[in-house]
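Enquirer: Structure incoming, see below.
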């Protein structure tokens, strides 16, 4: 398939990251497949996650990730042509089964499909309950799930904080890709999603502890409460809660990207903003 839009958008995004002098550290690059379909499972802490998540796949194998995004993103007069041109997958929440079918067909044809199983950003910056679409798509298509976590991007552009990318210059960004989870381990949606939640949790914990802690006197709003930061604590979980309890999701609501999130196409323009309104 021709990539007349995606390739230049990637160049713009990489130029933005270089301009911000982001210290991007990718681990697990060997887990990027050279060919074949796979679900790419990504945690969600920043509006830049959409743009950052494709970096390891482009760096290693020059592969494109087709992200699942809300239908309204495709209907926007500016982002719509770009999203369609990059062959991302529209998610219509009123017809979720159709979106899952489209994604499954893309996986079977050898595409990488990007999924944010938490569906939105949570201010505690820890893993939130997962939707089960990723496990179901992978099992149906017979492809693995590549678990991937991003850490540090919440310091750049996230919910509830001012939009000012310039303040995020020189920010370290950690990305970790885990061993692909085979589809045979995901045939049961609840158990499979619980497994993915556990794998992602371990990857995120390792990245959080590896990340430089804020120096005394520096803002620590981005640091989770359990690591000593001032981010709000994660809501209390009932006693006896298991990973499986965190993963229930209605089939008609597959993981999506918010319509106002930054894409590789829209991110460069935000560098010029100085005093924009908070998200």
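Residue numbers (UniProt numbering): 1 to 279.
Positions of the beta carbon are idealized from the N, C-alpha and C atoms, including for glycine.
So, with DSSP's three-state summary, where would you put residue 157?
Expert: What you label residue 157 is simply residue 157 of the chain shown in a count that begins at 1. DSSP places residue 157 in coil when its eight states are reduced to three.
Enquirer: Taking the alpha-carbon of residue 104 as reference, which of 92, 144, 31, 138 has the nearest alpha-carbon?
Expert: In the chain shown, the residue the question calls residue 104 occupies position 104. The shortest C-alpha separation from residue 104 is found at 138.
Enquirer: Could you name the residues of the same chain whose beta carbon sits closer than 8 angstroms to that of residue 211, not counting the 5 residues immediately before and after it, in chain order?
Expert: Counted from its first residue, the chain shown places residue 211 at position 211. So the list reads 151, 152, 172, 174, once near-sequence residues are dropped.
Enquirer: With 16 as the cutoff for other CB atoms within 10 Å, does residue 216 come out buried or exposed?
Expert: Counting from one through the chain shown, the residue named residue 216 turns up at place 216. It counts as exposed.
Enquirer: According to the neighbour-count rule (16 or more other Cβ atoms, all chains shown, within 10 Å of its Cβ), is residue 187 buried or exposed?
Expert: The count along the chain shown starts at 1 and reaches residue 187 at position 187. With fewer than 16 Cβ atoms within 10 Å of its Cβ, residue 187 is classed as exposed.
Enquirer: Taking the straight line between their C-alpha atoms, what separation do you get for residue 117 and residue 194?
Expert: On the chain shown, position 117 is the one that residue 117 refers to. On the chain shown, position 194 is the one that residue 194 refers to. Using only the alpha carbons, I get a separation of about 12 angstroms.
Enquirer: How far does the beta strand (DSSP E) with residue 151 in it extend, from its first residue to its last?
Expert: Counting from one through the chain shown, the residue named residue 151 turns up at place 151. Taken as a continuous stretch (DSSP letters only), the beta strand (DSSP E) holding residue 151 covers 145-151.
Enquirer: Going by DSSP in three states, residue 77 sits in which element: helix, strand or coil?
Expert: As a working note, residue 77 is residue 77 in the chain shown. If DSSP states are grouped into helix, strand and coil, residue 77 belongs with coil.
Enquirer: Rounding to the nearest angstrom, what Cα-Cα distance links residue 285 and residue 63 in this structure?
Expert: With the chain covering only 1 through 279, there is no way to say anything about residue 285.
Enquirer: Classify residue 197 as buried or exposed, calling it buried when 16 or more other Cβ atoms lie within 10 Å of its own Cβ.
Expert: In the chain shown, the residue the question calls residue 197 occupies position 197. That one is buried.
Enquirer: Just to confirm my understanding: we take residue 111, look at its own chain, exclude 5 residues before and 5 after, and list those with CB closer than 7 angstroms. What are they?
Expert: Start at 1 with the first residue of the chain shown, and residue 111 comes out as number 111. Same-chain partners within the cutoff: 37, 66.
Enquirer: According to DSSP, is residue 66 part of a helix, a strand, or is it coil?
Expert: Residue mapping note: residue 66 aligns to position 66 of the chain shown, counting from 1. Three-state DSSP puts residue 66 in a strand.
Enquirer: Compute the beta-carbon to beta-carbon distance between residue 100 and residue 60, rounded to the nearest angstrom, for a pair I have assumed lies under 8 angstroms.
Expert: If you number the chain shown from 1, residue 100 lands on position 100. If you number the chain shown from 1, residue 60 lands on position 60. The Cβ separation is near 27 angstroms, so there is no contact.
Enquirer: Have a look at residue 107 and residue 126 and give me their C-alpha separation to the nearest angstrom.
Expert: In the chain shown, counting from the first residue as 1, residue 107 sits at position 107. In the chain shown, counting from the first residue as 1, residue 126 sits at position 126. Whole-angstrom Cα-Cα distance: 28 angstroms.
Enquirer: Three-state secondary structure (DSSP) at residue 28?
Expert: Residue mapping note: residue 28 aligns to position 28 of the chain shown, counting from 1. Residue state, collapsed to three classes: coil.
Enquirer: For residue 132, name the three-state secondary structure that DSSP assigns.
Expert: For this step, residue 132 is matched to residue 132 along the chain shown. Correct three-state label for residue 132: coil.
Enquirer: Going along the chain, which unbroken runs of the alpha helix (DSSP H) with 4 or more residues stay wholly within the segment 165-205?
Expert: With a minimum length of 4 residues, no continuous alpha helix (DSSP H) run stays inside the segment 165-205.
Enquirer: Residues bridged to residue 41 by DSSP?
Expert: Your numbering for residue 41 matches position 41 in the chain shown. DSSP output for residue 41 lists 115, 147 as bridge partner(s).
Enquirer: Report the three-state DSSP secondary structure of residue 121 (helix, strand or coil).
Expert: Position 121 of the chain shown holds residue 121. In this structure, residue 121 counts as coil in the three-state DSSP scheme.
Enquirer: For the candidate residues 88, 18, 140, 47, whose alpha-carbon lies nearest to that of residue 122?
Expert: The sequence position of residue 122 within the chain shown is 122, counting from 1. The shortest C-alpha separation from residue 122 is found at 47.
Enquirer: Look up residue 23 in the DSSP assignment and give the residues it is bridged to.
Expert: Locating residue 23 in the chain shown gives position 23, where the first residue counts as 1. The partner list for residue 23 (beta bridge, DSSP) reads 172.
Enquirer: Can you tell me whether residue 9 is helix, strand or coil according to DSSP?
Expert: Residue mapping note: residue 9 aligns to position 9 of the chain shown, counting from 1. Helix, per DSSP.
Enquirer: Is residue 29 closer than 8 angstroms to residue 227 when the C-beta atoms are compared?
Expert: Within the chain shown, numbered from 1, the residue matching residue 227 stands at position 227. Within the chain shown, numbered from 1, the residue matching residue 29 stands at position 29. No, the pair does not count as a contact, with Cβ atoms beyond the cut-off.
Enquirer: Can you list, in chain order, the residues of its chain with a C-beta nearer than 6 angstroms to that of residue 220? Leave out the 5 residues immediately preceding and following it.
Expert: Translated into positions along the chain shown, residue 220 becomes position 220. For residue 220, where only same-chain residues beyond five positions count, the Cβ hits under 6 angstroms are 214, 229, 230.
Enquirer: Run the CB neighbour count on residue 135, radius 10 Å, all protein chains shown included, and call it buried at 16 or more, exposed below.
Expert: Working through the chain shown from its first residue, we reach residue 135 at position 135. Result: buried.
Enquirer: In terms of residue numbering, what span does the beta strand (DSSP E) encompassing residue 109 cover?
Expert: As a first step, residue 109 is located in the chain shown; it is residue number 109 there, counting from the start. It is not in any beta strand (DSSP E) - residue 109 carries neither H nor E in the DSSP assignment.
Enquirer: Give the C-beta separation of residue 115 and residue 42 to the nearest angstrom, bearing in mind that I take them to be a contact with Cβ-Cβ under 8 angstroms.
Expert: Locating residue 115 in the chain shown gives position 115, where the first residue counts as 1. Locating residue 42 in the chain shown gives position 42, where the first residue counts as 1. Contact holds; Cβ gap of about 7 angstroms.
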